[in-house]
Amino acid sequence: MFAKTIRKDHYGYYFIAPFFIIFTTFGLYPILYSLYISFTNFDGITTPDFVGIGNYVAVLQDPLFYKTLFNTLFIWGVSVVPQLTISLVLAFILNDKLLKGRDFFRAVYFFPNIVTAASLGLLVSLIFDWQSGGLNHFLVQTGIIQDPINWKNDPWFMRLIVSSILFFQYFGYSMVIYLAGLQGIDPSLLEAAQMDGAKKKHIFIHIIVPMLRPIILFQMITSIIGGIQIFDQPFTLTNGTGGPDRAAMTSIMYLYNVAFQSTRFGYGAAIAFCLFIIIILLSVASFIMTKRKSRS
Amino acid sequence: MQTAKSMEQPNAAIQHYANTRQLTAGKIIIYLLLIGLAVLCIIPFYLMLIYSTHNNATIASTFTFLPGSFLVDNYMNMVSKINIWRGFANSIFIAGTSTVLSLYIGALTAYGFAKFKFKGRNGLFLFLLATMMVPGQLALIGVYRLFSMMGLLDSYAAIILPAAANAFNVFFIKQFMESSIPDEIIESARVDSAGEFRTFNQIVLPILGPAIAALGIFTFIGSWNNFLTPLVLFFSLDKYPLPVLVALVQGYYGMDYGLLYLGVAISILPIIIVFSVFSKQIIGSVALGAVKG
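Here the protein sequences line up with chains A and B, keeping their order.
Taking the working numbering, the leading residue of the first sequence gets 129, the next gets one more, and so forth.
Taking the working numbering, the leading residue of the second sequence gets 47, the next gets one more, and so forth.
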């Protein structure tokens, strides 16, 4: 009754103002400024020269851009498929109320997700070191291999290692999100299926997976956005070099090298926007894919 | 038919009950897999702790999973070469201030969106949500240029200010606010003629307490782990947060394995401690944030 007489709705603007002022200044403006720089040959010192779409044309003809993009998509793809499937199975298993140690397993699997990605990359780099790494010593001492393997000299192995780190860091995170999705499924539905004699395998395929479709879509899209941004782990794993033949150099590492090591800010900004367009295209594609599947 | 079905149902239920209580072969396999995976998750960190207690000669020549006696030596060696505690203090300061700032501004914004019906509210909120889809690297070059023009490169402000506007925090607090803060409380505060900001600070914020604390832990860890932005915006060694400092040390003292392992351990240890105390809240806030979307 009083609420109708006391109109305070314009106060909403005061409450949201600080956020939008800060966001506009330090978020939106830099993005638009990056966009402007992407049309110039700005080197950080002299005044930017307008070069039109020159940088974009150059990016699209740059073999190193494609190479780093391939590295990124390969590393992401190899890690994300097992990550999203294994974590779904794990969530299904750990959702069982009769399973002992549920909370313990959830916590242990989630833990790598919050560990500093940069430190983890460095740690893996140390463990996989040719001469001093624990892994080679372990394999030689147990007689599995004769001589230490120079892991970090193999381009494909380096890509796979980064994929493994990402899997290690994100399977627990995906699992927790699936678990949250599973809580939303009406338990009576699962009980009914169980009563009708459905096996766990069938419940999983015919009830759980279709009901979790929105969560799976959410995970796919956020993993695309995160996947294109892979930087910390390969950077510290390879000490910033990108590994043998730049095999583990991701797109953002390339962007970092171009913009902040070679101070070609215009070109770097153009790379950033090309990556953004790729993220949008991949997100739309995965959105359409899951939509189509749910209709059929 | 009717009787046959009702006969079947209890049977199925008993069968199910029996299955779940017995330790079948399938169950044993599942437990073994779960334990194996858990061991795999812990091993790298265990090795990290073990190796930080050995000297270079041991690390370079043998595999060991037992602790050594060179922890103090490694530590003395490390502090003589890099100022690790300065990095630690930097991390605490940067993560602490950006967490407090982004939570307070996040709560203000969430309150504005949740409890006031102003023009353009839905549009602005959608815009805010859309910004979560934009990768941070897009702004990086512009941020670098902006702070370079403001003369704020290599200053803490360059990291803290952009982090203050955190769209995810707004979204998360708004979800919580809509279910836990009834309009009646705000209305009664108004009737008692409390100012709008006083109502927010003295009534709304305390109710939000537990949710904000859970989110705060998560924001703090996120900021602690931030790597690329400080790498780009800072130049002087005494400004770098811990993870960046430790990563850069690799370039200088790459052959000093004991030092490196110890450095990595110190950069991860606070995360291990925070997680072992707050794992439930952290996992809960991740789950909540994802599902409400």
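Even for Gly, the Cβ is constructed at its ideal location relative to N, Cα and C.
Within 10 angstroms of the Cβ of residue i, are there 16 or more other Cβ atoms? Answer buried if so, exposed if not.
i: Phe111 of chain B; result: exposed
i: Gly158 of chain B; result: buried
i: Tyr92 of chain B; result: exposed
i: His100 of chain B; result: buried
i: Asn314 of chain A; result: The identity of residue 314 of chain A in the sequence shown is Asp, whereas the question assumes Asn. Result: exposed.
i: Ala213 of chain B; result: buried
i: Arg234 of chain A; result: buried
i: Ile416 of chain A; result: exposed
i: Phe130 of chain A; result: Low confidence applies to Phe130 of chain A: its pLDDT is 49, below 50, so where it sits in the model is not reliable, and the reading given next is rough at best. Phe130 of chain A should be labelled exposed.
i: Arg191 of chain B; result: buried
i: Met47 of chain B; result: The predicted position of Met47 of chain B is uncertain, since its pLDDT is 39 and thus under 50; a value taken from the coordinates is nonetheless stated next. Answer is exposed; the Cβ neighbour count stays below 16.
i: Trp270 of chain B; result: buried
i: Val323 of chain B; result: exposed
i: Ile343 of chain A; result: buried
i: Ser239 of chain B; result: exposed
i: Asp224 of chain A; result: exposed
i: Ser247 of chain A; result: buried
i: Val216 of chain B; result: buried
i: Leu192 of chain A; result: exposed
i: Ser115 of chain B; result: exposed
Alpha carbon to alpha carbon, how far is residue j from residue i? Give it in angstroms, no decimals.
i: Tyr299 of chain B; j: Pro146 of chain A; result: 44 Å
i: Phe148 of chain A; j: Ala211 of chain B; result: 8 Å
i: Ala293 of chain B; j: Ser325 of chain B; result: 26 Å
i: Leu334 of chain B; j: Ala308 of chain A; result: 7 Å
i: Ala103 of chain B; j: Met301 of chain B; result: 11 Å
i: Tyr121 of chain B; j: Gly330 of chain B; result: 36 Å
i: Phe164 of chain B; j: Ile144 of chain A; result: 11 Å
i: Ser291 of chain A; j: Ile203 of chain A; result: 5 Å
i: Met195 of chain B; j: Ala204 of chain B; result: 12 Å
i: Thr174 of chain A; j: Leu283 of chain B; result: 27 Å
i: Ile96 of chain B; j: Leu254 of chain A; result: 13 Å
i: His138 of chain A; j: Leu383 of chain A; result: 43 Å
i: Ile165 of chain A; j: Met178 of chain B; result: 23 Å
i: Ile312 of chain B; j: Leu279 of chain B; result: 23 Å
i: Thr152 of chain A; j: Leu154 of chain B; result: 17 Å
i: Ile272 of chain A; j: Phe321 of chain B; result: 36 Å
i: Gln55 of chain B; j: Arg341 of chain A; result: Low per-residue confidence applies at Gln55 of chain B: pLDDT is 47, beneath 50, and the placement is therefore not dependable enough to give any value.
i: Leu198 of chain B; j: Thr108 of chain B; result: 48 Å
i: Leu258 of chain B; j: Ile219 of chain B; result: It should be noted that the sequence gives Ile, not Leu, for residue 258 of chain B. Cα to Cα, the separation comes out at about 7 Å.
i: Leu201 of chain A; j: Ser414 of chain A; result: 15 Å
i: Lys51 of chain B; j: Gly312 of chain A; result: Confidence at Lys51 of chain B is low in this model, with a pLDDT of 42, below 50, so its placement is unreliable and no value can be given for it.
i: Leu288 of chain B; j: Ser144 of chain B; result: 16 Å
i: Val189 of chain B; j: Ala397 of chain A; result: 11 Å
i: Tyr142 of chain A; j: Leu251 of chain B; result: 16 Å
i: Val290 of chain B; j: Asp229 of chain B; result: 46 Å
i: Leu315 of chain B; j: Ala219 of chain A; result: 27 Å
i: Gly82 of chain B; j: Ala156 of chain B; result: 43 Å
i: Ile242 of chain A; j: Val206 of chain A; result: 21 Å
i: Gln248 of chain B; j: Leu254 of chain B; result: 11 Å
i: Gly368 of chain A; j: Val310 of chain B; result: 17 Å
i: Thr70 of chain B; j: Phe246 of chain B; result: 56 Å
i: Leu147 of chain B; j: Asn272 of chain B; result: 16 Å
i: Val180 of chain B; j: Phe198 of chain A; result: 21 Å
i: Leu160 of chain A; j: Ala84 of chain B; result: 45 Å
i: Phe167 of chain A; j: Lys419 of chain A; result: 37 Å
i: Met94 of chain B; j: Ile88 of chain B; result: 10 Å
i: Gly241 of chain B; j: Lys228 of chain A; result: 52 Å
Can you round the beta-carbon distance between residue i and residue j to whole angstroms, since I take them to be within the 8 Å contact cut?
i: Met381 of chain A; j: Thr196 of chain A; result: 7 Å
i: Ile76 of chain B; j: Ile331 of chain A; result: Ile76 of chain B to Ile331 of chain A, Cβ: 15 Å. No contact.
i: His261 of chain B; j: Leu174 of chain B; result: The question names His, but residue 261 of chain B is Leu in the sequence shown. So it is not a contact: roughly 16 Å between Cβ atoms.
i: Val252 of chain A; j: Ile293 of chain A; result: 6 Å
i: Ala160 of chain B; j: Glu224 of chain B; result: 5 Å
i: Ala376 of chain A; j: Arg230 of chain A; result: With a Cβ gap of about 36 Å, Ala376 of chain A and Arg230 of chain A do not count as contacting.
i: Ser98 of chain B; j: Leu117 of chain B; result: 6 Å
i: Leu410 of chain A; j: Ile333 of chain A; result: Going by Cβ atoms, the distance from Leu410 of chain A to Ile333 of chain A rounds to 26 Å, so no, they are not a contact pair.
Name the DSSP beta bridge partners of residue i, please?
i: Phe178 of chain A; result: A:Thr168
Counting only beta-carbon separations shorter than 8 Å, does residue i have a partner in chain E?
i: Ile267 of chain B; result: The chain labelled as chain E is not found among the protein chains of the depicted structure, namely A and B.
Review point. Is the segment 336-350 of chain A touching the segment 259-266 of chain A in the sense that three or more CB pairs, one from each, lie closer than 8 Å?
Key: At 8 Å Cβ cutoff, the stretches do not touch.
Review point. Three or more C-beta pairs closer than 8 Å, one from the segment 272-287 of chain A and one from the segment 245-262 of chain A: is that the case here?
Key: A contact exists between the segment 272-287 of chain A and the segment 245-262 of chain A.
Review point. Taking contact to mean at least 3 C-beta pairs separated by less than 8 Å, is the segment 212-220 of chain A in contact with the segment 353-367 of chain A?
Key: No, they do not touch.
Check your understanding: Would you call the segment 375-394 of chain A and the segment 292-308 of chain A in contact, with 3 or more CB pairs under 8 Å?
Key -> Segments in contact, no.
Review point. Does the segment 397-405 of chain A come close enough to the segment 175-195 of chain B to have 3 or more Cβ pairs within less than 8 Å?
Key: With the cut-off at 8 Å, the segment 397-405 of chain A and the segment 175-195 of chain B touch.
Review point. Would you call the segment 138-151 of chain B and the segment 114-129 of chain B touching, i.e. three or more CB-CB distances under 8 Å?
Key: Contact between the segment 138-151 of chain B and the segment 114-129 of chain B is not established, with fewer than three Cβ pairs separated by less than 8 Å.
Point to revise | At least 3 beta-carbon pairs within less than 8 Å: the segment 367-375 of chain A vs the segment 280-290 of chain A | key: Using a C-beta cut-off of 8 Å, the segment 367-375 of chain A makes contact with the segment 280-290 of chain A, since at least three inter-stretch Cβ pairs fall below that distance.
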